[in-house]
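Scroll down for the structure; my scribbles are underneath it.
Residue numbers (this note's numbering): 326 to 506.
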């Protein structure tokens, strides 16, 4: 009887420490600073142990980071649901012609593959606003993700290496449908 009471106390005391629902509260899954925050959108971005600090969550599809050592550097991560399945090249080409209307000159663009994830990097300059930008664009099925790193051109070279770390840490999450219910 005595063992039963201790078992009962231990069972319910540990249950009191658990969250009422998985991935809620202060969970790593819901914290944008940890990079797993985007899991529900089908991708992850490794910001853990980087110098990028969550600045604001504009919406569930857009998050901004500032740099811990710079007043001018920033990163924006945006995800878009596409109406139809699109290739990376088709999606990027659609936006390439719009950059000039926003005052940006395209310095270069190239596709890349990192850890079997295909993407495109576009380097831009806006001389009027003194902003240099690197965008990484990813497309999978009907989902597009754009990582935009921005800084003053004087400091951009230092920001670029840290931006490239974020780009290298991007990965799509595999979605599997359980067959056993």
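Note that the Cβ used here is the ideal one computed from N, Cα and C, for glycine as well.
C-beta atoms of residue i and residue j nearer than 8 Å
i           : j           : result
residue 470 : residue 412 : no
residue 389 : residue 487 : no
residue 432 : residue 402 : no
residue 497 : residue 465 : yes
residue 462 : residue 450 : no
residue 476 : residue 395 : yes
Three-state secondary structure assigned by DSSP to residue i
i           : result
residue 393 : coil
residue 370 : coil
residue 451 : strand
residue 494 : helix
residue 417 : helix
Rounded separation between residue i and residue j - CA only
i           : j           : result
residue 492 : residue 480 : 19 Å
residue 418 : residue 378 : 31 Å
residue 447 : residue 408 : 23 Å
residue 499 : residue 367 : 7 Å
residue 415 : residue 443 : 14 Å
residue 387 : residue 495 : 15 Å
residue 440 : residue 365 : 21 Å
Nearest candidate by alpha-carbon position, reference residue i, set the options
i           : options               : result
residue 397 : 428, 421, 384 and 454 : 454
residue 434 : 495, 428, 387 and 459 : 459
residue 467 : 406, 428, 495 and 483 : 406
residue 393 : 428, 386, 387 and 380 : 380
residue 424 : 478, 368, 400 and 452 : 452
residue 292 : 482, 483 and 489      : One cannot answer for residue 292 here, as it falls past the ends of the chain, which runs 326 to 506.
Exposed unless 16 or more other CB atoms sit within 10 angstroms - verdict on residue i
i           : result
residue 382 : exposed
residue 437 : exposed
residue 484 : buried
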